[in-house]
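In UniProt numbering, the protein residues as written are 1 to 380.
Here a beta-carbon is modelled for each residue, glycine too, at the ideal position from N, C-alpha and C.
Source: prediction; values computed, not measured.
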């Protein structure tokens with residue numbers, strides 16, 4: 001377990017108050033409308049809840065990684081999974097690519113704007129027909145003088161509607177397969193860059209997800225991220241952080257589902273007593289608590305390894321698979337205690353259940369996670 005940090009707990013309390021005042025009164029409406037307002041990003045930035053572990057020289061607080069991940073966990077615990085995913089894509093995925101790989105000019109240009117919410121970040125990897133097979137991507141970025149000519153499309157891009165910046169994977173050498181993939185910092189306001197409609201999902205309704213299209217977009221050559229042809233190496237470098245963030249969402253959601261179910265079974269009456277007095281209810285809750293403790297222990301171990309620079313791809317994949325499977329299991333088992341009410345949208349346990357499903361898919365499907373673990377054990 002990580003040591004107790006009084007400053008972290010104060011920051012946690014501040015964020016909870018912020019969500020109670022600025023998110024909770026509007027979240028149901030945003031879910032019905034299928035998108036959060038763009039102004040939410042400005043509000044998050046103004047209140048200091050974006051990219052908090054970015055160093056002060058680039059506009060952030062320069063605090064430890066757990067401060068940033070705490071925001072993901074607590075928003076998921078509060079039942080705001082769409083907010084958790086949105087912040088995660090921005091602060092835990094897009095920003096670290098820039099912080100760890102970009103040159104100083106790129107860092108000073110993009111990171112302060114991401115901290116304030118002026119720029120919303122997204123990651124552009126998945127393509128139609130390719131899914132988790134990034135080697136099959138067709139997006140191309142061909143160097144022509146002082147710019148790359150970018151063509152292609154992406155799909156299932158979280159933060160896609162609001163994104164101002166996309167860390168985008170494309171083939172700068174189409175003949176070199178994996179070794180021809182590079183990462184580009186693409187300004188979505190460039191001519192030829194278009195956003196598709198906001199995709200209609202079964203869960204995470206207010207977290208915007210889009211297709212992206214780019215037709216002869218001229219990306220300045222100085223916006224390549226790191227070295228050309230090193231895209232896959234950079235992905236392997238940064239994926240452990242992404243998968244740890246997904247686990248933070250899972251852990252928060254598990255705790256949130258336990259919170260509301262514990263309160264419900266104390267109040268709900270059946271056969272003349274609170275349903276929390278029935279042995280089955282008590283055992284289901286007890287098992288959920290045990291599952292939460294196991295997930296928290298694994299998560300904290302991974303976070304400690306990440307802070308030490310020792311978190312490998314296989315261990316992060318194992319955490320992502322374990323924590324999201326556990327999230328789905330706990331949400332399903334706890335929903336059962338609500339009976340028919342658990343199937344009603346007005347009861348938040350239903351949202352914990354439906355929002356859990358995507359966690360086993362994005363960031364690499366859990367089947368791919370198991371393949372990664374097996375390769376670490378057995379080789380290819």
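Under three-state DSSP, which class holds residue i?
{"i": "residue 211", "result": "strand"}
{"i": "residue 190", "result": "coil"}
{"i": "residue 308", "result": "coil"}
{"i": "residue 365", "result": "coil"}
{"i": "residue 265", "result": "helix"}
{"i": "residue 135", "result": "helix"}
{"i": "residue 198", "result": "strand"}
{"i": "residue 342", "result": "helix"}
{"i": "residue 108", "result": "helix"}
{"i": "residue 358", "result": "helix"}
{"i": "residue 119", "result": "coil"}
{"i": "residue 240", "result": "helix"}
{"i": "residue 1", "result": "Reliability fails at residue 1, whose pLDDT of 48 lies under 50, so the model's placement of it is uncertain and no value is given."}
Alpha carbon to alpha carbon, how far is residue i from residue j?
{"i": "residue 1", "j": "residue 295", "result": "Confidence at residue 1 is low in this model, with a pLDDT of 48, below 50, so the placement of that residue should be treated as unreliable; the coordinate-derived value is given next. If I take the Cα positions, the gap works out to 12 Å."}
{"i": "residue 246", "j": "residue 88", "result": "8 Å"}
{"i": "residue 236", "j": "residue 211", "result": "24 Å"}
{"i": "residue 259", "j": "residue 277", "result": "17 Å"}
{"i": "residue 198", "j": "residue 305", "result": "37 Å"}
{"i": "residue 270", "j": "residue 248", "result": "35 Å"}
{"i": "residue 95", "j": "residue 114", "result": "8 Å"}
{"i": "residue 303", "j": "residue 120", "result": "25 Å"}
{"i": "residue 308", "j": "residue 4", "result": "18 Å"}
{"i": "residue 195", "j": "residue 185", "result": "16 Å"}
{"i": "residue 231", "j": "residue 324", "result": "27 Å"}
{"i": "residue 265", "j": "residue 349", "result": "13 Å"}
{"i": "residue 79", "j": "residue 49", "result": "18 Å"}
Let me know if residue i comes out buried or exposed under the rule of 16 or more other beta-carbons within 10 Å of its beta-carbon.
{"i": "residue 297", "result": "exposed"}
{"i": "residue 382", "result": "Nothing about residue 382 can be reported from this structure: the residues present for the chain run from 1 to 380 only."}
{"i": "residue 161", "result": "buried"}
{"i": "residue 25", "result": "exposed"}
{"i": "residue 214", "result": "buried"}
{"i": "residue 193", "result": "buried"}
{"i": "residue 240", "result": "buried"}
{"i": "residue 377", "result": "exposed"}
{"i": "residue 363", "result": "buried"}
Check whether the Cβ of residue i lies closer than 7 Å to any heavy atom of the ligand ADP, and answer yes or no.
{"i": "residue 24", "result": "The ligand ADP is not part of this structure, which contains no ligands at all."}
Leaving out five residues before and five after residue i in sequence, what residues of the same chain have Cβ atoms less than 6 Å from its Cβ?
{"i": "residue 317", "result": "369, 372 and 373"}
{"i": "residue 30", "result": "36 and 206"}
{"i": "residue 326", "result": "291 and 295"}
Closer than 8 Å by C-beta to residue i: which residues in its own chain qualify, once you throw out the five before and the five after it? Chain order, please.
{"i": "residue 107", "result": "58, 98 and 99"}
Using a Cβ-Cβ cutoff of less than 7 Å, which residues in the same chain neighbour residue i once the five nearest sequence positions on both sides are dropped?
{"i": "residue 8", "result": "66, 67 and 70"}
{"i": "residue 360", "result": "324, 325, 328 and 366"}
Between residue i and chain B, is any beta-carbon pair separated by less than 8 Å?
{"i": "residue 55", "result": "The structure shown contains no chain B; it is built from a single protein chain."}
Please go through the segment 23-62 and give each complete alpha helix (DSSP H) segment of 4 or more residues, from N-terminal end onward. 24-33 and 39-46
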